[in-house]
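Using UniProt numbering, the final residue of the sequence shown is 186, and nothing's skipped along the way.
Inspection log for the structure reproduced underneath, given as structure tokens.
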Amino acid sequence: KYSGVCECPSPNPTEARPTLYKTESTLAAGHNSTYFKITNNLEVSTRVYIANVGNVQVPFINKSNSQPGRECDQPTFGWTTGSKGQLSLYIAKPFVGEQNIPQTIIVSVFGTKKENVYSSVPISQVLLSGKVTVTQGCELAAGTSLDIDFGEYQAHDFKGRTGQPPQNVQKIQKELTFNCTNISDG
């Protein structure tokens, strides 16, 4: 959970309104509308959690949380949208060796009370870093994908850690199936 404030219509609405969300990625488009390139060989697809809705496939715009509220002038605590979700890594081109993924913003989440009017400052961002290693003689086939949950972190886990992973972050290691040839017995 974190503190947030919404972009609101002027004058501020007197009645409570649901919050609308949109996502943006500055990454190049991948092989379809839900995937974005993180390297020449790897693409990522993201599903971001929206409170009261669940995980929603990125990109989206004006997706309502269906929960009326008045979060216009002062930051309020208890926001969860964008704090969890899931991503899928997609092997666009087979490779051997190591593909490093430098720390990359894969999606920014924005909130508003007025349709199509969003601040330029995101309420949350999803960053990805890591590496995928394929040993010599093995191939990770194009079209292979791997689903990974973000995990769930509280705002205080990030305090004073600008650009760093949250405290107590759990590194995720996934095993993949490879096609391997020329492997000696023994």
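Glycine is no exception: its CB is placed at the ideal position from the N, C-alpha and C atoms.
As the structure is a prediction and not an experimental result, all values here were calculated from the model.
With fewer than 16 neighbouring CB atoms inside 10 Å of its own CB, Ala142 falls in the exposed class. Nearest to Phe95 by alpha-carbon distance, out of Leu20, Arg17, Tyr35, Leu42, is Leu42. C-alpha of Pro102 to C-alpha of Lys113: approximately 34 Å in a straight line. With a cutoff of 8 Å on beta-carbon distance, Asn55 and Pro18 are scored as not near each other.
Per the Cβ contact rule, the segment 24-33 is not in contact with the segment 68-87 (fewer than 3 Cβ pairs under 8 Å).
Nearest C-alpha to Gly30 among Leu20, Arg47, Asn52, Ile91: Ile91. Annotation: the continuous beta strand (DSSP E) that includes Asn55 extends over 54-57. Cβ atoms of Thr144 and Leu87 stay farther apart than 8 Å, at about 15 Å. The beta carbon of Lys131 is closer than 6 Å to those of Glu98, Asn100 in its chain, skipping five residues each way along the sequence.
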